[in-house]
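For reference, the structure is listed below as structure tokens.
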Amino acid sequence: MESGLFRRRLGAACRKHFGAEAKVSDLRPLTAGASAATWRFDLAAGDGSKRIILQLFAGGSQFFSALDKRTQGLVQKQASEAGILTPEVLFVLEESDGLGEGFATAFVAGETLGHRIVRDDRFDVARPAMARQCGTILAAIHALDFEEPGRLTDLEPSGMVEQLYGAHRSFGEDLPVFELAFQYLAQNVPQIESRVFLHGDFRNGNLIVDETGIVAALDWEMAHIGDPHEDLAWLCVNSWRFGAIDKPVGGFGNREDLYEAYESAGGSPVDPEMVRYWEVFGALKWGVICQWFGEQFVSGEVRELERAAIGRRTSETEIDLLDLLEEIG
Numbered sequence: 023m024e025s026g027l028f029r030r031r032l033g034a035a036c037r038k039h040f041g042a043e044a045k046v047s048d049l050r051p052l053t054a055g056a057s058a059a060t061w062r063f064d065l066a067a068g069d070g071s072k073r074i075i076l077q078l079f080a081g082g083s084q085f086f087s088a089l090d091k092r093t094q095g096l097v098q099k100q101a102s103e104a105g106i107l108t109p110e111v112l113f114v115l116e117e118s119d120g121l122g123e124g125f126a127t128a129f130v131a132g133e134t135l136g137h138r139i140v141r142d143d144r145f146d147v148a149r150p151a152m153a154r155q156c157g158t159i160l161a162a163i164h165a166l167d168f169e170e171p172g173r174l175t176d177l178e179p180s181g182m183v184e185q186l187y188g189a190h191r192s193f194g195e196d197l198p199v200f201e202l203a204f205q206y207l208a209q210n211v212p213q214i215e216s217r218v219f220l221h222g223d224f225r226n227g228n229l230i231v232d233e234t235g236i237v238a239a240l241d242w243e244m245a246h247i248g249d250p251h252e253d254l255a256w257l258c259v260n261s262w263r264f265g266a267i268d269k270p271v272g273g274f275g276n277r278e279d280l281y282e283a284y285e286s287a288g289g290s291p292v293d294p295e296m297v298r299y300w301e302v303f304g305a306l307k308w309g310v311i312c313q314w315f316g317e318q319f320v321s322g323e324v325r326e327l328e329r330a331a332i333g334r335r336t337s338e339t340e341i342d343l344l345d346l347l348e349e350i351g
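Numbered according to my numbering, the sequence shown spans residues 23 to 351.
This is the structure we're talking about:
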């Protein structure tokens, strides 16, 4: 969309929500995510000025389990209103706004880049407490009413494995390590004792962190209903440790702190073996997502270098899966 038209339509959307005097300034694109185009701007309105983040659908197909941007905004709005540490959703775009699918949130200052969070000196004080923070936040997320959005998928583990396998096979690649992991998951399907509201992508890289610790959780596009162990395990997947592999929780903490804080905050008792099952699933899921990004680039659907770079990371997940399966025996 031409920049002038984009600015005019954004201004009109803001006036609809903040009043006729609302004015947009300092509009600038931020580093684009893999599935969203993100913009930052300042808004002057009757109640003062504020900095706002706008997330828009980046184009192309979506991964099979991802929410559309409108639904993602509604889910994040529910979480924010329930007191979860996540940026406040200010408005969700309508079709009549002419900007595509998206939503606007309050700006929250802090760091989101995982490799900085696990290494930079300025987070030395924050890191030791962050695993416990994660446990507390996840317990609150899992207590959310999942009937309210009414749009979240709810599959049994066996159905999730079958769905993921179908996605993998659609790319036409023969990856023996993936086949071995799928076999393990299919043969060891757990019995789920409770089904809760899951964030679906709660991990280092989707957290805003400052010198005091975690200040917000981002990216609710993978939210769904399922086993609480799935969220706990996803946070521990090796890809989200950013090289700090000796600290299984996001590269900054240990499992014991995560589990204890989760249970203390009202989460259900944690079964480490269930976490391990879902960690295999999580590593495999990220591997299939890497395949999908690579396929988007190769097919010409989305000609962005980031898609190609993520696609090359499929091999990393194969190593992680071999390590996990060897540990399980």
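Just so it is clear, CB atoms sit at the ideal spot from N, CA and C, and this is done for glycine as well.
Beta strand (DSSP E) runs wholly inside the stretch 188-275, at least 3 long, in chain order
218-220, 229-232, 235-239, 246-248
*When you compare each of Gly33, Pro212, Val324 to Gly120 by their alpha carbons, which one comes out closest?*
The count along the sequence shown starts at 1 and reaches residue 120 at position 98. Of the candidates Gly33, Pro212, Val324, the one whose C-alpha sits nearest the C-alpha of Gly120 is Gly33.
| message | Taking 7 Å as the cut-off, is the beta-carbon of Asp176 closer than that to any non-hydrogen atom of the ligand NAD? | response | As far as ligands go, the structure on display features none, and thus does not contain the ligand NAD.
Review point. Okay, do the stretch 143-156 and the stretch 199-217 touch, 3+ Cβ pairs below 8 Å being the bar?
Key: no
For this session: Verify whether the separation of the beta carbon atoms of Asp176 and Arg225 is less than 8 Å.
Result: Here the question's residue 176 lines up with position 154 in the sequence shown. Here the question's residue 225 lines up with position 203 in the sequence shown. Going by C-beta atoms, Asp176 is not nearer than 8 Å to Arg225.
Exercise. If you measure from the beta carbon of Glu43 to each beta carbon in chain C, is any gap under 8 Å?
Worked result: The structure shown contains no chain C; it holds only a single protein chain.
Range covered by the beta strand (DSSP E) that runs through Pro51: Translated into positions along the sequence shown, residue 51 becomes position 29. Note, Pro51: beta strand (DSSP E), 45-51.
Next item on the list: Report, in whole angstroms, the separation of the C-beta atoms of Val302 and Leu347, which I expect to be a contact under 8 Å.
Entry: Numbered from its first residue, the sequence shown carries residue 302 at position 280. Numbered from its first residue, the sequence shown carries residue 347 at position 325. Correct: roughly 7 Å between the Cβ atoms.
Using 8 Å for Cβ pairs, my map puts Gly157 next to Ala283. What's the rounded Cβ distance?
To locate residue 157, count along the sequence shown from 1; it is residue 135. To locate residue 283, count along the sequence shown from 1; it is residue 261. Correct: roughly 3 Å between the Cβ atoms.
Checklist entry - Tell me, which residues are paired with Arg62 by DSSP? => result Here residue 62 refers to the residue found at position 40 when the sequence shown is read from its first residue. Paired residue(s): Arg50, Ile75.
Thr234 classed as buried or exposed, judged by whether at least 16 other C-beta atoms fall within 10 angstroms:
Counting from one through the sequence shown, the residue named residue 234 turns up at place 212. It counts as exposed.
**Item:** Rounded Cβ spacing between Ala305 and Gly316 (contact assumed at less than 8 Å)
**Value:** Position 283 of the sequence shown, counted from the first residue, corresponds to residue 305. Position 294 of the sequence shown, counted from the first residue, corresponds to residue 316. Between Gly316 and Ala305 the Cβ distance is about 17 Å, and since that is not below 8 Å, they are no contact.
**Study point:** Extent of the continuous alpha helix (DSSP H) run through Thr408
**Key:** In the structure as shown, the chain begins at 23 and stops at 351. Residue 408 is therefore absent and cannot be evaluated.
_Please report the straight-line C-alpha distance between Ile267 and Glu24, rounded to a whole angstrom._
Here the question's residue 267 lines up with position 245 in the sequence shown. Here the question's residue 24 lines up with position 2 in the sequence shown. Going from the Cα of Ile267 to the Cα of Glu24 covers about 44 Å.
Check your understanding: The beta strand (DSSP E) with Leu343 in it runs from where to where?
Key -> Within the sequence shown, residue 343 is the residue found at index 321, counting from 1. Here Leu343 belongs to no beta strand (DSSP E); instead the alpha helix (DSSP H) covers 336-350.
| field | DSSP three-state assignment for Gly309, whether helix, strand or coil | value | Start at 1 with the first residue of the sequence shown, and residue 309 comes out as number 287. DSSP places Gly309 in helix when its eight states are reduced to three.
**Report entry** Thr158: first and last residue of the uninterrupted alpha helix (DSSP H) it sits in
**Finding:** As a first step, residue 158 is located in the sequence shown; it is residue number 136 there, counting from the start. Run containing Thr158: 149-164, per the alpha helix (DSSP H) assignment.
| message | Just to confirm the assignment, what range does the beta strand (DSSP E) spanning Phe28 have? | response | By 1-based counting over the sequence shown, the position of residue 28 is 6. That residue, Phe28, is in no beta strand (DSSP E); its alpha helix (DSSP H) goes 25-40.
Quick one, are the C-beta atoms of Leu220 and Glu252 less than 8 Å apart? One-based indexing of the sequence shown puts residue 220 at position 198. One-based indexing of the sequence shown puts residue 252 at position 230. For Leu220 and Glu252, yes; Cβs fall inside 8 Å.
Checklist entry - CB Ile106 to CB Ala239, shorter than 8 Å? => result By one-based count along the sequence shown, residue 106 stands at place 84. By one-based count along the sequence shown, residue 239 stands at place 217. Yes, the pair counts as a contact, with Cβ atoms nearer than the cut-off.
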